[in-house]
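J.:
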Amino acid sequence: MSSSDRIELLIDPGTWDPMDEDMVSLDPIEFHSEEEPYKDRIDSYQIKTGLTEAIQTGTGKLNGIPIAIGIMDFKFMGGSMGSVVGEKITRLIEYATNQFLPLILVCASGGARMQEGSVSLMQMAKISSALYDYQSKKKLFYVAILTSPTTGGVTASFGMLGDIIIAEPDAYIAFAGKRVIEQTLNTTVPGFTGG
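Per UniProt numbering, the very first residue in the sequence shown carries number 1; after that it's consecutive.
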């Protein structure tokens with residue numbers, strides 16, 4: 001399910017107000033592969049999905065209750081978390097903190113965006129720090145919704161930090177996927193049904 005479909009499903013009609021829609025990745029480490037340059041890959045996903053990044057953030061009402069919500073989209077580079085995804089989530093959390101809004105993050109991710117190197121990995125700590133202020137200092141309410149798949153850095157950070165964590169039926173939730181496990185251990189994972 002796309003992030004736009006989830007917005008339509010979750011948010012009361014006419015109440016969706018997106019945030020930071022124009023924020024785009026700038027290839028912070030000038031990553032190049034033999035296949036295609038990172039910037040070209042971003043551009044092709046923007047054309048294919050109509051999104052600027054792998055998450056939509058904003059505010060709206062859920063059954064009449066004002067909320068802040070971020071919805072990841074696996075169709076945009078596997079929902080990978082890079083600098084823009086991390087910044088958009090952090091800004092959303094900070095906005096929710098300042099406005100005393102409940103927060104919902106819908107996770108759908110293959111993990112950190114390796115094309116951004118350590119900048120991508122830094123997002124885990126940045127988001128977790130913002131959530132600490134939101135939850136522990138302000139005592140506000142965060143719901144994490146885990147969809148299929150939710151893996152890698154998203155699982156290792158904000159995906160598992162919700163006051164309530166909801167998983168969709170049959171969602172594949174893990175730190176590492178089958179391919180990563182098998183390549184790392186150089187073995188076959190028996191009885192593996194996910195992914």
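Glycine residues also receive a C-beta, built at the ideal position from the N, C-alpha and C atoms.
Compute the distance between the beta-carbons of leucine 105 and alanine 96, then report whether it is under 8 Å.
T.: For the purposes of this step, residue 105 is identified with residue 105 of the sequence shown, where counting begins at 1. For the purposes of this step, residue 96 is identified with residue 96 of the sequence shown, where counting begins at 1. Not a contact, by the Cβ cut-off of 8 Å.
J.: Would you decide whether isoleucine 29 is buried or exposed? Buried here means 16 or more other CB atoms lie within 10 Å of its CB.
T.: One-based indexing of the sequence shown puts residue 29 at position 29. Flag for isoleucine 29 reads exposed.
J.: Flag this pair as touching only if the segment 123-136 and the segment 159-169 have three or more C-beta atom pairs under 8 Å; answer yes or no.
T.: yes
J.: My guess is that glutamine 115 and phenylalanine 31 are in contact by the Cβ rule of under 8 Å, so how many angstroms apart are they, rounded?
T.: Here residue 115 refers to the residue found at position 115 when the sequence shown is read from its first residue. Here residue 31 refers to the residue found at position 31 when the sequence shown is read from its first residue. Indeed, because the Cβ distance is near 4 Å, the residues count as touching under 8 Å.
J.: For aspartate 5, does the count of other Cβ atoms within 10 angstroms reach 16, so buried, or fall short, so exposed?
T.: Position 5 of the sequence shown holds residue 5. The residue in question, aspartate 5, is exposed, as its Cβ has fewer than 16 Cβ neighbours within 10 Å.
J.: Please state the DSSP three-state secondary structure of alanine 156.
T.: To locate residue 156, count along the sequence shown from 1; it is residue 156. If DSSP states are grouped into helix, strand and coil, alanine 156 belongs with coil.
J.: Go to isoleucine 65, then tell me how far its beta strand (DSSP E) extends in each direction, as first and last residue.
T.: For the purposes of this step, residue 65 is taken as the residue at position 65 of the sequence shown. Its beta strand (DSSP E) spans residues 65-72.
J.: Jot down the residue ranges of each uninterrupted alpha helix (DSSP H) in the segment 63-126, minimum 4 residues, whole runs only, in chain order.
T.: 83-99
J.: Between the beta-carbon of glycine 78 and the beta-carbon of glycine 110, is there less than 8 Å?
T.: As a first step, residue 78 is located in the sequence shown; it is residue number 78 there, counting from the start. As a first step, residue 110 is located in the sequence shown; it is residue number 110 there, counting from the start. Yes, these two residues count as a Cβ contact at 8 Å.
J.: Roughly how many whole angstroms lie between the Cα atoms of threonine 155 and arginine 113?
T.: In the sequence shown, the residue the question calls residue 155 occupies position 155. In the sequence shown, the residue the question calls residue 113 occupies position 113. The straight-line gap from Cα to Cα measures roughly 14 Å.
J.: Grouping DSSP H, G and I as helix and E and B as strand, with all else coil, what is serine 148?
T.: By one-based count along the sequence shown, residue 148 stands at place 148. Strand, per DSSP.
J.: Keeping to the same chain, check which residues put their C-beta closer than 6 Å to that of leucine 92; ignore five residues upstream and five downstream.
T.: Here residue 92 corresponds to residue number 92 of the sequence shown, with the count starting at 1. For leucine 92, where only same-chain residues beyond five positions count, the Cβ hits under 6 Å are Thr57, Ala68 and Gly70.
J.: Just tell me which of Thr187, Leu26 and Thr147 has its CA closest to the CA of alanine 74.
T.: Sequence index remark: in the sequence shown, residue 74 carries index 74 (1-based). Correcting the residue identity first, residue 74 is phenylalanine in this sequence and not alanine. Of Thr187, Leu26 and Thr147, the smallest CA-CA separation from phenylalanine 74 is found for Thr147.
J.: Have a look at serine 3 and valine 143 and give me their C-alpha separation to the nearest angstrom.
T.: Taking the sequence shown and counting its residues from 1, the one referred to as residue 3 is at position 3. Taking the sequence shown and counting its residues from 1, the one referred to as residue 143 is at position 143. Serine 3 and valine 143 have their C-alpha atoms spaced approximately 17 Å apart.
J.: Among all the DSSP beta bridges, which residues are the ones paired with phenylalanine 17?
T.: On the sequence shown, residue 17 is found 17 positions in, with the first residue counted as 1. Here the sequence assigns aspartate to residue 17, which means phenylalanine is not the residue at that position. DSSP output for aspartate 17 lists Thr59 as bridge partner(s).
J.: Could you check where the alpha helix (DSSP H) with isoleucine 173 kicks off and where it finishes?
T.: Translated into the one-based positions of the sequence shown, residue 173 becomes position 173. Isoleucine 173: not part of any alpha helix (DSSP H); DSSP gives it neither H nor E.
J.: Between the C-alpha atoms of phenylalanine 76 and threonine 150, what's the straight-line distance to the nearest angstrom?
T.: As a first step, residue 76 is located in the sequence shown; it is residue number 76 there, counting from the start. As a first step, residue 150 is located in the sequence shown; it is residue number 150 there, counting from the start. Spanning the two alpha carbons is a distance of roughly 14 Å.
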